[in-house]
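Structure, as structure tokens:
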Amino acid sequence: MKSLEKGFRHLSREDKLKQLVEYGWLNTDNYDSLLSHPLINEEVANSLIENVIGQGTLPVGLLPKIIVDDKEYVVPMMVEEPSVVAAASYGAKLVNQSGGFKTISSQRLM
Numbered sequence: 039m040k041s042l043e044k045g046f047r048h049l050s051r052e053d054k055l056k057q058l059v060e061y062g063w064l065n066t067d068n069y070d071s072l073l074s075h076p077l078i079n080e081e082v083a084n085s086l087i088e089n090v091i092g093q094g095t096l097p098v099g100l101l102p103k104i105i106v107d108d109k110e111y112v113v114p115m116m117v118e119e120p121s122v123v124a125a126a127s128y129g130a131k132l133v134n135q136s137g138g139f140k141t142i143s144s145q146r147l148m
């Protein structure tokens with residue numbers, strides 16, 4: 039998997055989305071939708087929960103690179119706390135320097 043550019047966090051929202059399209063991680067329909075429809079419509083909101091009276095939005099950021107079992111991932115994160123993405127990115131950077139996370143599974147007990 040191709041890594042995001044080092045200065046990804048400094049790009050405009052539109053340029054970030056363009057890079058995701060260039061890398062093949064986002065199709066053009068989703069690109070257009072993310073740029074032109076920042077809020078979900080009422081029909082979609084009503085299909086998600088009952089008694090909808092409004093909606094709010096949270097920003098979606100990216101954890102730009104996390105290595106798990108020798109494979110690179112980019113992880114979308116929807117959070118309200120500004121330090122969460124930065125902390126996760128920093129933690130992933132530290133772990134990635136030693137080869138990333140390794141998963142194991144134990145024998146099933148049931």
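Using the working numbering, the first residue of the sequence shown is number 39, and each one after it goes up by one.
Glycine is no exception: its CB is placed at the ideal position from the N, C-alpha and C atoms.
What you are looking at is a predicted structure, and each value in this text was computed from that prediction instead of being measured.
Go through its chain and collect everything with a Cβ distance to residue i's Cβ below 7 Å, but skip five positions before and after it.
i    : result
M106 : The sequence given here has Val at residue 106, not Met. The answer, listed in chain order, is G138, F139, T141.
S143 : none
K130 : The sequence shown places Ala at residue 130, rather than the Lys named in the question. Same-chain partners within the cutoff: L101, K103, I104.
E149 : Absent from the model: residue 149. The displayed extent of the chain is 39 to 148, so no value can be given.
Among residues of its own chain, excluding the 5 on either side of residue i, which ones have a beta-carbon nearer than 6 Å to its beta-carbon?
i    : result
Y61  : K40
A126 : L101
What is the DSSP secondary structure of residue i, counted as helix, strand or coil?
i    : result
V133 : helix
E88  : coil
V106 : strand
P114 : strand
Between residue i and residue j, what straight-line distance do the alpha-carbon atoms span, to the nearest angstrom?
i    : j    : result
E88  : S50  : 35 Å
V59  : L72  : 12 Å
L42  : L55  : 11 Å
K109 : N65  : 22 Å
T95  : K44  : 27 Å
Y111 : M148 : 31 Å
N84  : Q145 : 42 Å
Checking the sheet assignment: what are the DSSP bridge partners for residue i?
i    : result
L101 : V113
Once you ignore the five residues that flank residue i on each side, which residues in its own chain have a CB closer than 8 Å to its CB?
i   : result
F46 : K54, Q57, L100, P102
Could you tell me which whole alpha helix (DSSP H) segments of length 4 or greater appear in the region 40–86? The qualifying runs are 51–60, 66–74, 80–86.
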